[in-house]
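**Student:**
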Amino acid sequence: MTGTADTELADVVARLRRAMRRAARAADPGNPLSVAQLELLSCLAENPGAQPSRLARVLNLAPNSVTTLVNGLRTRGLVTGTSGGDRRTVHLNLTATGEDAVRRWQSANAGILGAALADLHPGWQHLLTAALPALRELIDAIDRQATPPGQAG
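86 is the number that full-length UniProt numbering gives to position 86 of the sequence shown; each next residue is one higher, with no gaps.
In structure tokens, the structure reads:
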């Protein structure tokens with residue numbers, strides 16, 4: 001891609017993220033969780049038993065930010081932490097309520113996209129569907145840039 005196309009794609013992705021957050025808030029105005037909390041829950045759903053340090057790396061957050069988020073989620077009964085023989089090492093998991101929160105968030109996002117896609121011309125729908133493998137590969141490439149050498153993402 002050219003520099004201009006790269007800039008335009010970055011702008012479109014940022015605007016899409018903002019639009020999805022706004023629409024998700026409008027779709028579920030009673031949801032008391034922040035987007036950061038919902039993203040952490042979603043990340044934990046993808047990485048059950050993860051340690052807070054791993055979540056911090058995956059989400060590119062400071063460890064103390066993850067600790068603050070986890071503490072708030074524990075208070076709400078959405079996350080549990082278990083330690084093995086070493087009490088300093090905590091492995092996090094979603095509770096049933098946390099799993100339900102992730103399902104509701106994913107369902108709201110899928111509903112938003114489904115309704116928006118239904119409004120598009122079938123040709124655009126086809127192009128977006130055909131682009132999914134390329135978008136997944138783009139995500140993987142970006143994740144590799146965000147992962148320090150020698151560490152798993």
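Using N, Cα and C, we set each Cβ at its ideal position, and we do this for glycine too.
(1) Could you check what DSSP says for residue 93 in three-state terms: helix, strand or coil?
(2) Put residue 153 into one of helix, strand or coil per three-state DSSP.
(3) In whole angstroms, give me the CA-to-CA distance for residue 105 and residue 35.
(4) If you run the structure through DSSP and keep just helix, strand and coil, what is residue 82?
(5) Quick check on residue 107: does DSSP put it in helix, strand or coil?
(6) For residue 69 versus residue 94, is the C-beta spacing smaller than 9 Å?
(7) Apart from the five residues just before and just after residue 90, which ones in its own chain have a Cβ nearer than 8 Å to its Cβ?
(8) Assign residue 153 to one of two classes, buried (16 or more other C-beta atoms within 10 Å of its C-beta) or exposed (fewer than that).
(9) Which residue wins for smallest C-alpha separation from residue 100, given the options 44, 144, 65, 64?
(10) In angstroms, rounded to a whole number, what distance separates the CA positions of residue 6 and residue 140?
(11) Report yes if the CB atom of residue 97 is closer than 9 Å to the CB atom of residue 111, and no otherwise.
**Tutor:** By the coordinates alone:
(1) Position 93 of the sequence shown holds residue 93. Note: residue 93 maps to strand in three-state DSSP.
(2) Sequence index remark: in the sequence shown, residue 153 carries index 153 (1-based). Caution is warranted here: a pLDDT of 48 is assigned to residue 153, below 50, making its placement in the model unreliable, and no coordinate value can be reported.
(3) Counted from its first residue, the sequence shown places residue 105 at position 105. Counted from its first residue, the sequence shown places residue 35 at position 35. If I take the Cα positions, the gap works out to 10 Å.
(4) On the sequence shown, residue 82 is found 82 positions in, with the first residue counted as 1. Looking at residue 82 - three-state DSSP - the assignment turns out to be strand.
(5) Taking the first residue of the sequence shown as 1, we reach residue 107 at position 107. Note: residue 107 maps to helix in three-state DSSP.
(6) For the purposes of this step, residue 69 is taken as residue 69 along the sequence shown, with counting starting at 1. For the purposes of this step, residue 94 is taken as residue 94 along the sequence shown, with counting starting at 1. The Cβ atoms of residue 69 and residue 94 lie no closer than 9 Å to each other.
(7) On the sequence shown, position 90 is the one that residue 90 refers to. For residue 90, where only same-chain residues beyond five positions count, the Cβ hits under 8 Å are 51, 52, 81, 82, 83.
(8) Locating residue 153 in the sequence shown gives position 153, counting from the first residue. Model confidence at residue 153 stands at a pLDDT of 48, short of 50, so the residue's coordinates are unreliable and nothing is read from them.
(9) Taking the sequence shown and counting its residues from 1, the one referred to as residue 100 is at position 100. Here the closest residue by C-alpha is 44.
(10) Position 6 of the sequence shown holds residue 6. Position 140 of the sequence shown holds residue 140. Cα to Cα, the separation comes out at about 17 Å.
(11) Taking the sequence shown and counting its residues from 1, one reaches residue 97 at position 97. Taking the sequence shown and counting its residues from 1, one reaches residue 111 at position 111. For residue 97 and residue 111, no; Cβs fall outside 9 Å.
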